[in-house]
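Written out below as structure tokens is the structure these notes cover.
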Amino acid sequence: MSALSRDQLRTMMGDVLEAQGKTIPSSDDSPLDEIGFRSLDFSELALRVEDELGSELNFDAPGLRAIETVGDVLEFLEQLQLA
Amino acid sequence: MRRHPEAVGTALPPGSGNRIVIGGFRGTWADVSTASLPAVAAALVETHLAAAGAAWEHATSPRETLIAGAGRVSDDQAQELRDDGFTLVRGESIEPASQQREAVTGRLWLLTSGSTGRPKRVAHTLQSLTTVAADQPPRRWLCPYSPGAYAWWQVVTLSLAHPGQDVVFVEAAQLDSWPQLALAEGVTAASGTPTFWRQALWRSAETVAKLPLEQITLGGEPVDQAILDRLTALFPAARISWIYASSEAGASIAVHDGRAGFPVSWLDRDVPGRPLLTVVDDELLIDSAWSARGFEGPLRTGDRAEIIDGRVHITGRVASDEINVGGSKASASAVRAVLLAHPAVVWAQVRGRRAPIVGNVVAADVVLDGPVSQAELTGWCSERLPDYSVPRRLRLLNEIPIKETLKSDV
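Protein sequences, first through last, are from chains A and B. For the first sequence, position 29 (counting from the first letter as 1) is numbered 29 according to the numbering used here, and the numbering increases by one without interruption. For the numbering used here, add 1000 to where a residue sits in the second sequence, where the first one is 1.
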């Protein structure tokens, strides 16, 4: 399957948040700690992406600690799909 | 160490006149034609009829026997058996032992289920497998277990040892339609794993409800309150029992009060004739007279025991229960119990799934019997479990998976 688009990734991130009664903010600049998106949520989102792609993502990539906003998450997952 | 039962004699078994039904065969144990097994034989069988013949021959003449489904023995294991003095008997085919030896008279070998690894041989006798001693009311039993499995022997030895205990065997091809078979054959007692019962109620509840069951037995897997309650509601007059047994430990716990777990007062209780049960580091230990030879003394079962409200619950395997989620320890059995407590969930399997950042997340497969969304199930778990224990991936299955052992490795 081809790589997921940023919009698709955003929808999936929204699904993860919605399962916990939260809403994904419209702005990509929103800080993750403000919306309550934690490492466990990030892991779940990654698995959703893997299931959709039918293949594992390679997380041996730098920059994970710099992920602080919604946009950072989406960009990181975009990059991982290309790795 | 508890006394191990003596080897069995070769007098005609008291239940030799009990009727057995296997496919098209209808007759008594004494009517089953036998294959004239060698003195040290591994009967690798394709059918219950062949297995029953081998069991009858073992019960009525001095010999050493292993009975197993032919598909369970690999080529390497078959060679190992031959090297260890067994002649392999597969229907009409005879493969001689690599070297002949004297039979250990009365020795019965079982292959363990292999759920913990490669199947291995454990040594019993017909007597050590005959764990029901008291007289029994007349019953017609359903035996759905694989030939030669410990639970299969439990039904067979019950029938051989007690008059009035007929058996209807379920061949592998009949497993999906056993309720219809049981109804046609007038079965009044049935033994199966919780997965076996769940699958039957999910697929054929109407037919199952018509069965005149007086005795329902569960074992082979953790037995939870939800399945006991479903069966009790369907068969309020039946005695519903759950048994803890394994090839190594033997049948060690029998509970008949319709509740999951056994009373905590049974722990550390030294009563002659009963197994000594202890819990050490959350693991059940058993010292039983019914254990396999070589497994006497306190046996570490590998099964996890948890004390809840005065009952000791066997919840799963110690080694596979713990899921490390980012340093927090989730219990697969606890998550499964929460899922099964949901009215729409008829079956659940919980495991760890490798995940980035946190190492593992909790994942679950479920079979549903009602309209419920994944979000609702997640919400149900969130209200009852710590955050790290809530399944992050839920997969809905269309069928309850079941293996030849009638288990689904929950």
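C-beta: ideal position from N, C-alpha, C; glycine also.
Residue i, DSSP secondary structure in three states
| i | result |
| --- | --- |
| B:G1258 | coil |
| B:V1073 | coil |
| B:A1173 | helix |
| A:D72 | helix |
| B:I1227 | helix |
| B:A1348 | strand |
| B:D1287 | strand |
| B:A1039 | coil |
| B:G1017 | coil |
| B:E1046 | coil |
| A:F42 | helix |
| B:H1342 | coil |
Cβ-based neighbour list, residue i, same chain, cut-off 8 Å, excluding 5 preceding and 5 following
| i | result |
| --- | --- |
| B:H1342 | V1372, L1377, W1380 |
| B:P1386 | S1328, A1330 |
| B:A1189 | R1139, R1140, W1141, L1142, L1213, E1214, Q1215, I1216, T1217 |
| B:H1313 | P1222, A1260, G1261, A1305, E1306, I1307 |
| A:R48 | M12, D15, V16 |
| B:T1028 | S1016, G1017, N1018, R1019, I1020 |
Contacts around residue i, its chain only, beta-carbon distance under 6 Å, and the 5 residues preceding and following it disregarded
| i | result |
| --- | --- |
| B:G1310 | V1264 |
| B:S1331 | D1321 |
Distance between residue j and residue i (C-alpha atoms, nearest Å)
| i | j | result |
| --- | --- | --- |
| B:S1074 | B:V1168 | 29 Å |
| B:V1008 | B:P1062 | Residue placement at B:V1008 is poorly supported in this model, since its pLDDT is 45, which falls under 50; the coordinates are not used for a value here. |
| B:E1383 | B:A1237 | 35 Å |
| B:S1177 | B:L1183 | 10 Å |
| B:F1086 | B:A1039 | 9 Å |
| A:A66 | A:L82 | 19 Å |
| A:L17 | A:S55 | 23 Å |
| B:S1241 | B:L1231 | 11 Å |
| B:A1319 | B:A1348 | 19 Å |
| B:E1206 | B:V1346 | 16 Å |
| B:G1091 | A:S2 | 54 Å |
Own chain residues within Cβ distance below 7 Å of residue i, not counting five before or after
| i | result |
| --- | --- |
| B:R1107 | E1064, A1123, T1125 |
| A:T69 | D28, D29, S30, P31, L32 |
| B:A1485 | Residue 1485 of chain B lies beyond the residue range present for chain B, which begins at 1001 and ends at 1410; the question has no answer from this structure. |
| B:D1268 | T1278 |
Those residues which DSSP pairs with residue i across a bridge
| i | result |
| --- | --- |
| B:C1143 | B:F1169 |
| A:D33 | Looking at the DSSP assignment, A:D33 forms no beta bridge with any residue, so it has no partner. |
| B:S1328 | B:V1325 |
| B:D1365 | B:Q1349, B:R1395 |
| B:E1306 | B:H1313 |
Check: residue i C-beta below 8 Å from any heavy atom of the ligand SAM
| i | result |
| --- | --- |
| B:E1296 | Inclusion of the ligand SAM in the displayed structure is not the case, the ligand content being empty and no account of it being possible. |
### Query
Along the region 1310-1330 of chain B, what residues have a CB closer than 9 Å to any CB found in chain A?
V1325, G1326
### Query
At a Cβ cut of 8 Å, what residues of the region 49-60 of chain A count as close to chain B, listed as they run along the chain?
D51, L57, F59
### Message
Give me the subset of the region 1254-1280 of chain B whose CB atoms are less than 8 Å from a CB atom of chain A, sorted by chain position.
### Response
none
### Contact list for the region 1342-1359 of chain B against chain A, Cβ threshold 8 Å
R1353, A1355, P1356, I1357, V1358
### Query
Any residues in the region 34-50 of chain A with a beta carbon nearer than 7 Å to a beta carbon of chain B? Which ones, in chain order?
S39, L40, F42, S43, E44, A46, L47
### Task
Below 8 Å between beta carbons is the criterion; list the residues of the region 7-20 of chain A that meet it against any residue of chain E, in chain order.
Of the protein chains in the structure, A and B, none is chain E.
### Within 7 Å of chain A by C-beta, residues of the region 1162-1188 of chain B in sequence order
none
#### Entry: chain A contacts from the region 1381-1400 of chain B (Cβ-Cβ distance under 8 Å)
S1382, D1387, Y1388, R1392, R1393
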